[in-house]
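A.B. asks: Every number in my numbering is 305 more than the matching position in the sequence shown, counting from 1. Glycine residues also receive a C-beta, built at the ideal position from the N, C-alpha and C atoms.
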Amino acid sequence: MSKNKKNRIEIPSYYDPSDISETFFNDYFIEKIPSYKKLSKKHFLEVNQIARKKYFIKNHYPYPKRLDLNTYYKEKIPLQIELVKLQNYIREKKQKVIILFEGRDAAGKGATIRRFMEHLDPRGAKVIALDKPSEIEEGQWYFQRYVEFFPSSGELILFDRSWYNRAGVEKVLGFCTKEQYEKFLIDAPDFEKLIASSDIKMIKLYFSVSDKEQSKRITQRETNPLKNWKLSEIDHLAQSKWPAYTEAKEKMFLNTHKEFSKWWIIKSDDKMRARINAMKLVLSLLDYDNKNEKILNYDPWIVSDVSEIWDINV
Numbered sequence: 306m307s308k309n310k311k312n313r314i315e316i317p318s319y320y321d322p323s324d325i326s327e328t329f330f331n332d333y334f335i336e337k338i339p340s341y342k343k344l345s346k347k348h349f350l351e352v353n354q355i356a357r358k359k360y361f362i363k364n365h366y367p368y369p370k371r372l373d374l375n376t377y378y379k380e381k382i383p384l385q386i387e388l389v390k391l392q393n394y395i396r397e398k399k400q401k402v403i404i405l406f407e408g409r410d411a412a413g414k415g416a417t418i419r420r421f422m423e424h425l426d427p428r429g430a431k432v433i434a435l436d437k438p439s440e441i442e443e444g445q446w447y448f449q450r451y452v453e454f455f456p457s458s459g460e461l462i463l464f465d466r467s468w469y470n471r472a473g474v475e476k477v478l479g480f481c482t483k484e485q486y487e488k489f490l491i492d493a494p495d496f497e498k499l500i501a502s503s504d505i506k507m508i509k510l511y512f513s514v515s516d517k518e519q520s521k522r523i524t525q526r527e528t529n530p531l532k533n534w535k536l537s538e539i540d541h542l543a544q545s546k547w548p549a550y551t552e553a554k555e556k557m558f559l560n561t562h563k564e565f566s567k568w569w570i571i572k573s574d575d576k577m578r579a580r581i582n583a584m585k586l587v588l589s590l591l592d593y594d595n596k597n598e599k600i601l602n603y604d605p606w607i608v609s610d611v612s613e614i615w616d617i618n619v
């Protein structure tokens, strides 16, 4: 018997970890509690949360196996039906909804958006993916070019990257000045408070991928002619700038996660799990008629409110 197996904590019978990886137990449970000690329910839940925080902060992925295709489709289709219900409700109630899709390069944002949009009416649900600002746009108020695409009554707008470019790629690659970056971190919460007070519902999603998985996906973009179009010069810098992007991400969370404008992390090493859980999260956060609550419980090892992971005053 290996040392790891011998020292593994006995997990209480009321907790079913499914196919959570052995690393989960060996690295994090054993670190806090002696292996010979069986955990009480209260103690187990406390350590459970410690482990969960570390999994998100250190960017570990809890599942050794990908979600199988049959399970994926079995879960995806009912959730897409719920998305249709949501869109109908937004239209009928004349609501305005924005969803921001942010995250590392090759984290699966675009593919998730496509699954969101697959069965929605494109007349009332639109995807906005802006190119780098033009010379005219560079002379405007920073948020101006995004506001142009904000929803009218009855519309759902999905931003494939957003004004948070300034907190990530612009900051890391030097596309903005230090003063512009620091001003953005102050201005963004004020801007989003104005959005909230204008009866626009907004959800901010951050897709988090590990450096190993990101490297694999970027290589696929380089070698697969069907994925070449996804490749950009910025992608080539994603790996070498990994620590800088991590620092920028955490500073963004600390400064722009607010009660009226929360960040939600979605771990996306497994694209299919990420898509399913992103749908569940969004649907659980918004009201609509005939909501099937039973299928909307997202996986807490894949999804988290940022304030559950970092100590942030909202």
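What does a CB cutoff of less than 8 angstroms around Lys546 pick up in its chain, not counting 5 residues either side in sequence?
C.D. replies: The answer, listed in chain order, is Val477, Leu478.
A.B. asks: Grouping DSSP H, G and I as helix and E and B as strand, with all else coil, what is Ile617?
C.D. replies: Coil, per DSSP.
A.B. asks: What do you get for Phe464, buried or exposed, if any count of 16 or more other CB atoms within 10 angstroms of its CB means buried?
C.D. replies: Answer is buried; the Cβ neighbour count reaches 16.
A.B. asks: List the residues that DSSP assigns as beta-bridge partners of Asp465.
C.D. replies: Asp465 pairs with Phe406.
A.B. asks: Since Tyr360 contacts Trp606 with CB under 8 angstroms, what's their CB separation in whole angstroms?
C.D. replies: Indeed, because the Cβ distance is near 7 angstroms, the residues count as touching under 8 angstroms.
A.B. asks: Should the stretch 537 to 553 be regarded as contacting the stretch 585 to 602, the criterion being three or more beta carbon pairs within less than 8 angstroms?
C.D. replies: With the cut-off at 8 angstroms, the stretch 537 to 553 and the stretch 585 to 602 do not touch.
A.B. asks: Could you spell out the range, first to last residue, of the beta strand (DSSP E) harbouring Asp610?
C.D. replies: Run containing Asp610: 608 to 610, per the beta strand (DSSP E) assignment.
A.B. asks: Alpha carbon to alpha carbon, how far is Leu384 from Asn353?
C.D. replies: One C-alpha to the other measures close to 28 angstroms.
A.B. asks: For Phe512, report the span of its beta strand (DSSP E) as first-last.
C.D. replies: Run containing Phe512: 505 to 513, per the beta strand (DSSP E) assignment.
A.B. asks: By how many angstroms is the C-alpha of Lys390 removed from the C-alpha of Asn595?
C.D. replies: Computed Cα separation, rounded: 8 angstroms.
A.B. asks: Touching or not, the stretch 501 to 512 and the stretch 479 to 486, by the rule of three or more beta carbon pairs under 8 angstroms?
C.D. replies: Verdict: no, contact absent.
A.B. asks: Pick helix, strand or coil for Lys401, following the three-state DSSP scheme.
C.D. replies: Strand, per DSSP.
A.B. asks: Is DSSP giving Ala579 helix, strand or coil here?
C.D. replies: Helix, per DSSP.
A.B. asks: Does the Cβ of Asp574 have 16 or more other Cβ atoms within 10 Å, making it buried, or fewer, making it exposed?
C.D. replies: Buried.
A.B. asks: Can you tell me whether Ser537 is helix, strand or coil according to DSSP?
C.D. replies: DSSP places Ser537 in coil when its eight states are reduced to three.
A.B. asks: Please go through the same chain and pick out, in chain order, the residues whose beta-carbon is closer than 8 angstroms to the beta-carbon of Arg371, but skip the five residues on each side of it.
C.D. replies: The answer, listed in chain order, is Asp575, Met577, Arg578.
A.B. asks: On the criterion of 16 or more Cβ atoms from any shown chain inside 10 Å, does Lys414 qualify as buried, or is it exposed?
C.D. replies: Per the 10 Å Cβ criterion, buried.
A.B. asks: What are the boundary residues of the alpha helix (DSSP H) that includes Trp569?
C.D. replies: First-last for Trp569: 568 to 572, but that is the beta strand (DSSP E), not the alpha helix (DSSP H).
A.B. asks: Rounded to the nearest angstrom, what separates Lys599 and Glu387 at their Cα positions?
C.D. replies: Answer to the nearest angstrom: the Cα atoms are 12 angstroms apart.
A.B. asks: Put Ala430 into one of helix, strand or coil per three-state DSSP.
C.D. replies: Correct three-state label for Ala430: strand.
A.B. asks: Over what stretch of residues does the alpha helix (DSSP H) that includes Ser520 continue unbroken?
C.D. replies: Its alpha helix (DSSP H) spans residues 516 to 528.
A.B. asks: Could you tell me if Asp410 is buried or exposed, where buried requires 16 or more neighbouring beta carbons within 10 angstroms of its beta carbon?
C.D. replies: Label assigned to Asp410: buried.
A.B. asks: Please state the DSSP three-state secondary structure of Glu620.
C.D. replies: As displayed, the chain neither begins before 306 nor continues past 619, which places residue 620 out of reach and without an answer.
A.B. asks: Kindly indicate which three-state DSSP category Glu598 falls into: helix, strand or coil?
C.D. replies: The answer is helix: DSSP assigns Glu598 an H, G or I state.
A.B. asks: Distance cutoff 8 angstroms, beta carbons only. Does Ser502 sit that close to anything in chain D?
C.D. replies: Annotation note: the requested chain D is absent from the structure, which comprises a single protein chain.
A.B. asks: Do Trp568 and Lys509 count as a contact pair if the criterion is CB distance below 8 angstroms?
C.D. replies: Contact flag set, yes.
A.B. asks: Please list, in chain order, all residues of the same chain as Ile362 whose beta carbon is under 8 angstroms from its beta carbon, the five residues on each side excluded.
C.D. replies: Cβ within range, chain order: Ile614, Trp615.
A.B. asks: Taking the continuous alpha helix (DSSP H) assigned at Pro456, which residues delimit it?
C.D. replies: Element bounds for Pro456: n/a, residue is neither H nor E.
A.B. asks: Output the distance between the C-alpha atoms of Asn529 and Leu499, rounded to the nearest integer angstrom.
C.D. replies: Computed Cα separation, rounded: 43 angstroms.
A.B. asks: Could you give the first and the last residue of the continuous alpha helix (DSSP H) run that contains Ser502?
C.D. replies: It spans 483 to 502 - the alpha helix (DSSP H) in which Ser502 sits, taken as one unbroken run.
A.B. asks: My assumption, with CB atoms under 8 angstroms, is that Phe512 sits in contact with Ile571. Please give the rounded CB distance.
C.D. replies: Right, their Cβ atoms sit about 5 angstroms apart.
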